[in-house]
Each structure stands twice: as structure tokens, then as C-alpha cells.
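Residue numbers (the working numbering), protein chains in the order written: chain A, 8 to 140; chain B, 8 to 140; chain C, 8 to 140.
Here a beta-carbon is modelled for each residue, glycine too, at the ideal position from N, C-alpha and C.
A short worksheet on the structure shown next.
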Amino acid sequence: MRSREVPVDTSRSRVVDITERLEAFVAGGGDGLLNVLALHATAGLALMESGSGSEADLVAALERLLPRDDRYAHRHGSPGHGADHLLPVLVGPALTLPVVAGELVLGTWQRVVLVDLNADNPARRVRLDLLAG
Amino acid sequence: MRSREVPVDTSRSRVVDITERLEAFVAGGGDGLLNVLALHATAGLALMESGSGSEADLVAALERLLPRDDRYAHRHGSPGHGADHLLPVLVGPALTLPVVAGELVLGTWQRVVLVDLNADNPARRVRLDLLAG
Amino acid sequence: MRSREVPVDTSRSRVVDITERLEAFVAGGGDGLLNVLALHATAGLALMESGSGSEADLVAALERLLPRDDRYAHRHGSPGHGADHLLPVLVGPALTLPVVAGELVLGTWQRVVLVDLNADNPARRVRLDLLAG
Chain A
8 MRSREVPVDT SRSRVVDITE RLEAFVAGGG DGLLNVLALH ATAGLALMES
58 GSGSEADLVA ALERLLPRDD RYAHRHGSPG HGADHLLPVL VGPALTLPVV
108 AGELVLGTWQ RVVLVDLNAD NPARRVRLDL LAG
Chain B
8 MRSREVPVDT SRSRVVDITE RLEAFVAGGG DGLLNVLALH ATAGLALMES
58 GSGSEADLVA ALERLLPRDD RYAHRHGSPG HGADHLLPVL VGPALTLPVV
108 AGELVLGTWQ RVVLVDLNAD NPARRVRLDL LAG
Chain C
8 MRSREVPVDT SRSRVVDITE RLEAFVAGGG DGLLNVLALH ATAGLALMES
58 GSGSEADLVA ALERLLPRDD RYAHRHGSPG HGADHLLPVL VGPALTLPVV
108 AGELVLGTWQ RVVLVDLNAD NPARRVRLDL LAG
């Protein structure tokens with residue numbers, strides 16, 4: 008198994024397209040399964056179209072589904088931070104994708120994005136593990 | 008790694024049981040992990056009971072959680088299509104399952120279903136990759 | 008591939024931390040990908056912080072997102088049980104995680120939890136499959 012940890016900066020956007028980071032990691036190799044894991048308890052990974060407005064739609068939908076208010080038992084961090092801790096239950100932080108001949112397999116409009124509504128910490132880490140086969 | 012792409016027709020139902028397609032693909036082989044990937048930006052995969060009404064319940068729940076109206080920044084396609092582009096964030100299109108002695112391992116009532124509320128395109132493709140081990 | 012099935016008792020909590028069970032299974036081995044599968048049609052697996060109140064927050068959020076009332080077409084089991092059958096669509100029962108030198112790789116606050124709001128059956132089974140690499 009081959010591994011890499013990549014830093015992701017979420018200070019400019021709550022939804023960051025990391026597809027090129029994954030493609031760079033698997034390039035030049037053979038076939039296998041790529042496991043992607045956001046190493047945080049308030050972040051998730053999604054496969055979605057990026058660059059057509061869905062990032063803003065996603066942030067709005069998540070803030071509606073998981074309102075950032077004082078209802079939460081989890082009270083560490085900023086007000087409403089309890090909502091951030093439920094995000095990875097709905098948007099899981101672990102994802103496995105096929106790699107063929109050193110290329111990540113995705114549908115035409117699919118991109119891998121990191122989703123993190125937690126503004127307290129913009130320095131995020133994503134781990135990549137490729138199991139060759 | 009052994010791969011296959013299977014077509015799935017969603018014209019008669021928004022939730023299509025594809026378990027038998029997966030079972031046919033892994034039959035006769037050994038052990039490994041099966042990766043399943045819906046190659047679309049508006050589709051997801053779920054593990055659920057099928058044939059007991061939950062398909063209709065799921066469509067109703069998703070239309071409530073992601074209303075099909077004009078709130079979305081993503082404005083390509085039919086009205087409300089922005090909702091379709093959030094579906095794969097809640098219902099991820101990638102799934103990995105164990106295979107033992109050429110048989111897919113599932114709980115008694117678990118089935119693999121393709122979920123796609125996007126009526127614009129009923130011709131869908133699901134990719135199967137089996138990493139033997 | 009190496010496999011184990013572990014029983015999980017959900018009678019005392021709807022959200023049960025099973026991380027130590029996974030760690031015990033992979034201990035002493037090498038590298039690989041660990042597939043975790045809850046073998047039930049009303050259970051899910053999540054990666055979240057545990058022990059800080061988020062378990063109760065999660066139960067409250069799921070009961071709000073999937074109300075336990077008589078709206079469901081699926082009518083087997085207790086009243087509102089149709090909601091339980093939608094839970095695994097939002098909180099998927101299959102999860103794949105990296106293992107390095109016999110240790111499960113997780114972020115500092117990440118724990119693996121079984122989520123099951125179905126009070127009808129507290130005896131649950133989770134399957135573990137490790138594909139070495």
C-alpha cells in the first residue's frame with residue numbers, strides 16, 4: 008500500500024475540489040483502489056459537480072438540515088459547533104475509488120470535494136492510500 | 008483488478024435494485040473487495056431493503072430534504088435540477104463491499120440500489136471493480 | 008482477505024463506539040484496507056467524535072430528518088419503523104478505512120460508531136474484512 012497525506016486549505020471556501028491532488032497521487036501507477044480519508048471529526052468528502060454553483064447550494068442545504076444554533080449537547084468550540092460534528096455522519100469522510108492504469112475513474116462531471124463548515128480551523132489534512140491490485 | 012460497466016435503466020423507477028448485477032459479476036471468483044461506483048453527478052448508491060415500500064419512502068424523504076424548487080444556484084437542466092446535484096452528497100455514489108468465495112456479503116435484508124431522482128436521463132452506468140485478495 | 012464478525016449490543020445506546028473492536032481485529036497485522044459492514048437494513052456506520060454529546064445530538068437530528076410517524080409505505084415492525092429503513096441511506100452501513108502496520112488510521116477525534124435507532128432488535132452484527140496490501 009502506498010500512502011500520502013495532503014494539506015487542504017478551507018479558508019477561502021467551505022467546499023474545496025481536491026480531485027487534482029488525488030490524480031497527481033495515483034499518476035504513473037497501475038490499477039487499484041484508492042482510499043481517501045479526511046482526518047477530522049467535522050469534515051466530509053463528497054463526489055459532486057464543482058464549479059457550477061452546487062458548492063453554495065450544498066452549504067445552504069447543510070445549514071438548513073443541521074442548523075447552527077444552541078440545540079446541541081456538544082458545546083465545545085464556537086456557538087453552533089455541535090452541528091459541525093454531525094456533518095461527517097451525513098457526509099462521510101471516507102471514500103474509496105477505482106484507479107485504472109494510473110488514472111482515477113470518475114464520471115464526466117464527478118469531482119471529489121472536501122466539505123468542512125467549521126471555520127475554526129482552515130488547515131485540513133486528507134490521507135490517500137492506494138492498494139494496488 | 009477485474010472491472011465491468013453495467014447499464015441501469017431508471018425510466019420505470021427512481022430507485023433500482025442492482026444487487027443481482029453485482030452478484031453476477033463476482034460469481035465464480037474468490038475473495039476480495041468490490042467497489043461500486045455510479046458514474047453520474049446526480050445519482051447515489053444505497054444499501055437498503057427493497058420491495059417493501061421503502062423505495063417510495065426514500066423518494067418522498069429526499070424530495071422533502073432537498074426540495075425541487077428555484078432556490079439553487081446550480082441552474083442547468085430542468086427546474087429544481089439543482090436538488091439532483093446535492094443528492095450524491097447525502098447518498099454517495101461509491102460503495103465498497105466484501106466478496107467471499109465469489110459471493111457478495113450482505114445482511115439478510117440488504118440490497119444495493121441505485122438512487123437517481125433526475126428524470127432527464129434514464130440511461131445510467133454503474134462501474135464494478137473487484138480487487139482480489 | 009481476513010474476516011471476522013463481531014456482535015454489537017445496542018440496548019443501552021443507539022450510537023455505539025466500536026473503534027476498539029476494529030483496532031483489536033487489525034492489531035499485529037500489516038498494511039491494508041479494512042472494510043466494515045453493518046449486516047442490517049436499519050443500521051449505519053459513522054465516523055464521528057464520541058463521548059462529547061454528539062451521540063445524543065445525532066439521535067435528535069435523525070429523528071427530525073426522518074420523523075418516526077405514520078407517513079411511510081414500509082409498515083412492518085413498530086409504528087414509525089419505516090423511518091429506520093431510510094437511516095442506512097443517509098448513514099451508510101459500509102465503510103472502508105486504511106490500516107498501517109496493524110494500526111487503524113483515524114484522525115485524532117474520529118471514532119467509528121454503529122448507529123441504529125431501531126429498538127426492536129438490540130443484537131447487531133458487524134462484519135470486518137481486511138484486504139492486505
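Query, Result
"is_contact[proline 105 of chain A, chain B] using C-beta, thresh 8 Å", "yes"
"Span of the beta strand (DSSP E) around glutamate 12 of chain C", "9-16"
"Option in C:Leu44, C:Thr115, C:Gly60 and C:Gly58 with minimal Cα separation from alanine 53 of chain B", "C:Leu44"
"Contact set between serine 85 of chain C and chain B, taken where Cβ atoms lie within less than 7 Å", "The premise fails here: serine 85 of chain C is roughly 15 Å from chain B at the closest Cβ pair, so nothing lies under 7 Å."
"Contact check, methionine 8 of chain B vs leucine 137 of chain B, beta carbons under 8 Å", "yes"
"Per-residue DSSP class, three states only, for valine 122 of chain B", "strand"
"Same chain, Cβ closer than 6 Å to valine 112 of chain C, neighbours up to 5 away in sequence not counted", "Pro105"
"Neighbour list for glutamate 56 of chain B in chain C, Cβ cutoff strictly below 8 Å", "Ala48, His81 and His92"
"Of the listed residues A:Pro129, A:Ala34 and A:Ala68, nearest to leucine 121 of chain A (C-alpha basis)", "A:Pro129"
"Top-ranked residue by Cα proximity to aspartate 64 of chain B, from B:Arg21, B:Gly39 and B:Gly114", "B:Arg21"
"Buried or exposed (CB count within 10 angstroms, at least 16 for buried), alanine 68 of chain B", "buried"
"Segment contact, 8 Å Cβ cut-off, at least three pairs: the stretch 28-46 of chain B with the stretch 87-106 of chain A", "yes"
"Within-8 Å CB hit, aspartate 64 of chain A to chain B", "yes"
"Assigned exposure category for aspartate 127 of chain A - 16 Cβ within 10 Å defines buried", "exposed"
"Assumed close pair arginine 134 of chain A, leucine 73 of chain A - CB separation to whole angstroms, cut-off 8 Å", "Arginine 134 of chain A to leucine 73 of chain A, Cβ: 25 Å. No contact."
"Length at least 4, wholly inside the stretch 24-76 of chain C: the alpha helix (DSSP H) runs in chain order", "26-33 and 61-72"
"Valine 96 of chain B: first and last residue of the uninterrupted beta strand (DSSP E) it sits in", "Counting along the chain, valine 96 of chain B falls outside any beta strand (DSSP E), though it belongs to the alpha helix (DSSP H) covering 94-97."
"Contact residues within the stretch 16-50 of chain B, judged by C-beta distance below 9 Å to chain A", "Gly39, Leu40, Asn42, Leu44, Ala45, Leu46, His47, Ala48, Thr49 and Ala50"
"Min CB distance leucine 138 of chain C to chain A below 8 Å", "yes"
"Short CB-CB distance (under 8 Å) between leucine 69 of chain C and chain B", "no"
"Extent of the continuous beta strand (DSSP E) run through alanine 130 of chain C", "130-139"
"Alanine 90 of chain C: first and last residue of the uninterrupted alpha helix (DSSP H) it sits in", "88-91"
"Continuous beta strand (DSSP E) stretch holding leucine 104 of chain C: start and end", "101-107"
"Proximity below 8 Å, CB of proline 100 of chain C to CB of alanine 34 of chain C", "no"
"Below-8 Å beta-carbon distance, proline 100 of chain B vs any chain A residue", "yes"
"Contacting residues, own chain, Cβ-Cβ under 7 Å from valine 23 of chain A (five flanking each side not counted)", "Val15, Thr17, Val120 and Leu121"
"Closer than 9 Å at the beta carbon, the chain C residues around valine 96 of chain A", "Gly51, Ala53, Leu54, Met55, Ser61, Leu65, Ala68, Leu69, Leu97, Val98, Val120 and Val122"
"Same chain, Cβ closer than 6 Å to asparagine 125 of chain A, five either side skipped, listed in chain order", "Thr49 and Asp91"
"Chain B within 8 Å of leucine 111 of chain A, Cβ atoms only", "no"
"Cutoff 8 Å: leucine 135 of chain C Cβ touching any chain E Cβ", "You won't find chain E in this structure, because its protein chains are A, B and C."
"Bridge-paired residues (DSSP) for leucine 113 of chain C", "DSSP output for leucine 113 of chain C lists no bridge partner at all."
"Below-8 Å beta-carbon distance, glycine 114 of chain B vs any chain A residue", "no"
"Glutamate 62 of chain A burial status per 10 Å Cβ neighbour count (16 or more: buried)", "buried"
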